[in-house]
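Our numbering numbers the first residue of the first sequence as 398 and each following residue consecutively.
Report on the following structure.
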Amino acid sequence: DTHGMGTVSAMSESNPVITRFAPSPTGHLHIGGARTALFCAAFARRRAGRFVLRIEDTDQKRSSEAAAAGILDDLAWLGLAWDDGPSAHGFGGDDRGVGPFYQSKRRAHYDRFFDQLIAADLAYPAFDTADELAAMRKSAEAEKKTFIYRRSPDYDRESAIKRAESEPHVLRFRTPDEDVTVVDAVLGDVVFPADQLDDFVIRKQDGFPTYHFAVVVDDELMGVTHVIRGQEHLNNAPRHVALMKALGFNVPVFAHIPLIFNPDGSKMSKRDKDKAVRAAVKQNVGVREALANAGADDDRARFARWLKDKTVQLPQDTLLPIADQLGVALPEIDVEDFRKAGYLPEVVVNYLALLGWNPGEKTDDGKDLERFDRDYLDSHFSFDRVGKTASKFDRDKLRAFNFDTIQAMDPAEFVLEWRGWAERYDPTLLAALDEPTMLTLAPAVQQRAAVLGESRLPLAFLFADDAAIEYDDKAVAKHLRKGEPSGAEVLPRIRDEFESMADFSADAIEIGIKSWCEANSLGMGKAAQPIRVAITGSAVSPPLGVSLAALGKDRTLWRIDRLLAHLA
RNA sequence: GGCCCCAUCGUCUAGUCUGGUUAGGACGUCAGGUUCUCAUCCUGAAAACCGGGGUUCGAAUCCCCGUGGGGUCACCA
398 DTHGMGTVSA MSESNPVITR FAPSPTGHLH IGGARTALFC AAFARRRAGR FVLRIEDTDQ
458 KRSSEAAAAG ILDDLAWLGL AWDDGPSAHG FGGDDRGVGP FYQSKRRAHY DRFFDQLIAA
518 DLAYPAFDTA DELAAMRKSA EAEKKTFIYR RSPDYDRESA IKRAESEPHV LRFRTPDEDV
578 TVVDAVLGDV VFPADQLDDF VIRKQDGFPT YHFAVVVDDE LMGVTHVIRG QEHLNNAPRH
638 VALMKALGFN VPVFAHIPLI FNPDGSKMSK RDKDKAVRAA VKQNVGVREA LANAGADDDR
698 ARFARWLKDK TVQLPQDTLL PIADQLGVAL PEIDVEDFRK AGYLPEVVVN YLALLGWNPG
758 EKTDDGKDLE RFDRDYLDSH FSFDRVGKTA SKFDRDKLRA FNFDTIQAMD PAEFVLEWRG
818 WAERYDPTLL AALDEPTMLT LAPAVQQRAA VLGESRLPLA FLFADDAAIE YDDKAVAKHL
878 RKGEPSGAEV LPRIRDEFES MADFSADAIE IGIKSWCEAN SLGMGKAAQP IRVAITGSAV
938 SPPLGVSLAA LGKDRTLWRI DRLLAHLA
């Protein structure tokens, strides 16, 4: 089997592969969803097929246009180009005429197949209220049985159809009484016993199809050959297969990929951000009091409700400022979070690919191949190398990948990346540093920032007000007062050396300090550490050359003078 | 609870299909070393086959039973 597929029907071997990613637009793209999309895209590329993007917005209450746009943007940032789908970011379009790609605009298609099923008595109206359903579930539970909805034997079809003309109702699918086998490319054949399958709802009271129905119809109409999705959908697969058969559709190959969890084994969800802030707020009585008593009445009431009830979540625009105020780092959950933190898209893609898939190849020095790009993935991806076990998201490893990638860039390349990120997430930084300065700083930052969001950290001394440098007593004692000669004695002399320098570039400063030390038979540390205390207040800074060059001669001398005055 | 999926270092995993390895790599951790500080970088170390039966000359690998973890049981997707 040259394509690395375990179990594939003869049909799908010969027909072009069509995969699809079908998010529902209820928020940003989740990192797990991104991996699903990645596998969809990679598999389609590998088999020279098509990758379809479809927006599942049948839930009118929760879907939003803004969320859909955000997801498209997230996918584009990751470089996950879709062939068929909404036109955006230069991707998408409807070359095969299978659109539209928003389910809310596909009502006519669904209606057609609803009619077909009703006519064949494979679907029927049901009038149970939510309360009645709940009661049925409750009594089933009391008998320690699982509630399985089935049409009763004495259901009167004629009168039900008549009644449906005037009364609110849902449409349910008459599930055939037979076992269903799901052919899965990663899990193998999975058999679901007939008595587990219920007559599930396929059309809601508002006339919209349920997820199960829309998915099945759309996949058929869009020619989808491989359904790649998270393992949480495995239990939906038999429903879909039964529906497909009832409708006379082709049954695609499924590939249910393992789930991604938090390090503690809990589900990785947007709720984690809320949890992190809640924990911090509980710790900080001051902030809690302040928030409880500030803002509009509505805000305060909402905050009180949130504080009391763990199941209530604060909206993002309220949550984020509180997180900022408390200095809590929110866990990255959505693609946007990783982007904001300053991870590189190609790194995220690389790491995501490794979460559940691996090339099984060695590098030249005999290690497992772990670092690869999209081209590699697109030419090597297969389901038989997709694992079956859920994995925990290891941020340290992602960071390490990102760090290595940042370090491997040449400074110009890094600055381009850095500026692009800052433009979106840290405009102040961009305003404070011109491009030549960033280029000077680049090597120092590259070795100290695993993610772009940390690029400010090693540069804190640069952004500080010259007159606001606070001296660390221990550093002053050790590097200025102690020794023979003491730093206090060395500093004025090296200061004069700086003043006389015409070229105050990083290299010139580096060489200047070094040769001055040699000329005076002093170790580098003898000069370097007092200078560090002068410019940072502490004994820690990036290499002096780039630090002083970025600071500029005037500010450097000023800070040295200030320390000297402080010592006097 | 029913049904379904899964099980190798702390984590991601290679090895399992086609039984024979000192069970390999990466991240993290720890210990050394280089360096003007921090960081980088280099070297090294500790660290795993869930348990029990079976098959076999031989089991991480094949089979069975346990145990554990997870998913799912909506007019959400």
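All C-beta atoms, glycine included, are put in the ideal place defined by N, C-alpha and C.
Please list the terminal residues of the continuous alpha helix (DSSP H) segment that includes residue i.
i       : result
Arg-890 : 884-896
His-623 : From DSSP, His-623 is part of no alpha helix (DSSP H) but of the beta strand (DSSP E) over 623-627.
Gly-585 : Note, Gly-585: premise wrong, no alpha helix (DSSP H); beta strand (DSSP E) at 585-589.
Thr-578 : It is not in any alpha helix (DSSP H) - Thr-578 instead sits in the beta strand (DSSP E) that spans 577-581.
Arg-845 : Per DSSP, Arg-845 belongs to no alpha helix (DSSP H) and is neither H nor E.
Val-745 : 742-751
Phe-778 : Unbroken run through Phe-778: none, as it is neither H nor E.
Please look up how many angstroms separate the CB atoms of residue i and residue j, rounded, as I've assumed it's under 8 Å.
i       : j       : result
Ala-819 : Leu-827 : 4 Å
Arg-988 : His-653 : The question about residue 988 has no answer here: the residues shown for the chain are numbered 398 through 965.
Gln-710 : Asp-772 : Not quite, the Cβ-Cβ distance comes to about 40 Å (not below 8 Å), so this is no contact.
Pro-756 : Leu-475 : Between Leu-475 and Pro-756 the Cβ distance is about 19 Å, and since that is not below 8 Å, they are no contact.
Leu-688 : Phe-700 : 5 Å
Arg-796 : Ala-847 : 5 Å
Ala-466 : Leu-656 : With 8 Å as the limit, Ala-466 and Leu-656 do not qualify as a contact, their Cβ atoms being about 27 Å apart.
Glu-733 : His-425 : 5 Å
Ile-891 : Ile-906 : At roughly 11 Å, the Cβ-Cβ gap does not stay under 8 Å, so Ile-891 and Ile-906 are not in contact.
Phe-811 : Gln-844 : The Cβ separation is near 11 Å, so there is no contact.
Asp-595 : Tyr-546 : 5 Å
Ala-520 : Arg-571 : 7 Å
In the DSSP assignment, the beta strand (DSSP E) including residue i goes from what residue to what residue?
i       : result
Gly-482 : 482-485
His-637 : Looking at the DSSP string, His-637 is not in any beta strand (DSSP E); the run it does join, the alpha helix (DSSP H), is 634-644.
Ile-415 : 415-418
Leu-450 : 447-450
Arg-600 : 598-600
Gly-490 : 488-490
Gln-877 : Residue identity differs from the one stated: residue 877 is Leu in this sequence, not Gln. First-last for Leu-877: undefined, no H or E at that position.
His-653 : 650-654
So is residue i buried or exposed if we call it buried at 16+ other beta carbons inside 10 Å?
i       : result
Val-588 : exposed
Pro-565 : exposed
Gln-593 : exposed
Glu-729 : buried
Glu-617 : buried
Ser-852 : buried
Asn-649 : Rather than Asn, the amino acid found at residue 649 in this sequence is Pro. Label assigned to Pro-649: buried.
Phe-798 : buried
Thr-953 : buried
Phe-860 : exposed
Asp-481 : buried
Pro-522 : buried
Asp-731 : buried
Gly-430 : buried
Thr-708 : exposed
Ile-415 : buried
Ser-912 : exposed
Ser-460 : buried
Met-921 : exposed
Leu-514 : buried
Asp-606 : The sequence given here has Pro at residue 606, not Asp. Pro-606 comes out buried.
Thr-348 : This structure gives no information on residue 348, because the portion of the chain shown stretches from 398 to 965.
For residue i, which residues from the same chain have a beta carbon less than 6 Å from its beta carbon, with the 5 sequence-adjacent residues on both sides left out?
i       : result
Gly-850 : Ala-738, Gly-739
Thr-834 : Ala-947
Phe-362 : Here the chain covers residues 398 to 965 and nothing more, so residue 362 does not appear.
Ala-611 : Thr-455, Gln-500
Gln-926 : His-876, Ala-936
Leu-727 : Lys-670, Ala-673, Ala-720
If you drop the 5 nearest sequence neighbours on each side, which residues of the same chain put their C-beta closer than 7 Å to that of residue i?
i       : result
Pro-497 : Arg-503
Thr-837 : Ala-903, Val-943, Ala-946, Ala-947
Ala-591 : Asp-574, Glu-575, Asp-576
Ala-434 : Phe-418, Leu-472, Leu-477
Arg-956 : Asp-863, Ile-866, Ala-931, Ile-932
In chain order, what residues of the same chain lie with their CB nearer than 8 Å to the CB of residue i, ignoring the 5 residues before and after it?
i       : result
Val-930 : Tyr-868, Asp-869, Ala-872, Val-873, His-876, Leu-877, Gly-884, Ala-936, Leu-960
Lys-923 : Gly-880, Pro-882, Gly-884, Val-887, Cys-914
Asn-681 : Leu-723
Asn-690 : Arg-697
Asp-603 : Gln-457
Pro-483 : Leu-450, Ile-452, Ala-465, Leu-469, Gly-489, Phe-498, Tyr-499
Thr-802 : Leu-741, Glu-743, Val-744
Can at least three beta-carbon pairs, one atom from the region 586-605 and one from the region 433-451, be found at a separation below 8 Å?
The region 586-605 is not in contact with the region 433-451.
Sufficient close CB pairs (3 or more, under 8 Å) joining the region 524-531 to the region 618-636
No, because fewer than three Cβ pairs between the region 524-531 and the region 618-636 fall closer than 8 Å, the two stretches do not touch.
For the pair the region 637-644 and the region 656-664, tell me if three or more CB-CB distances fall below 8 Å.
no
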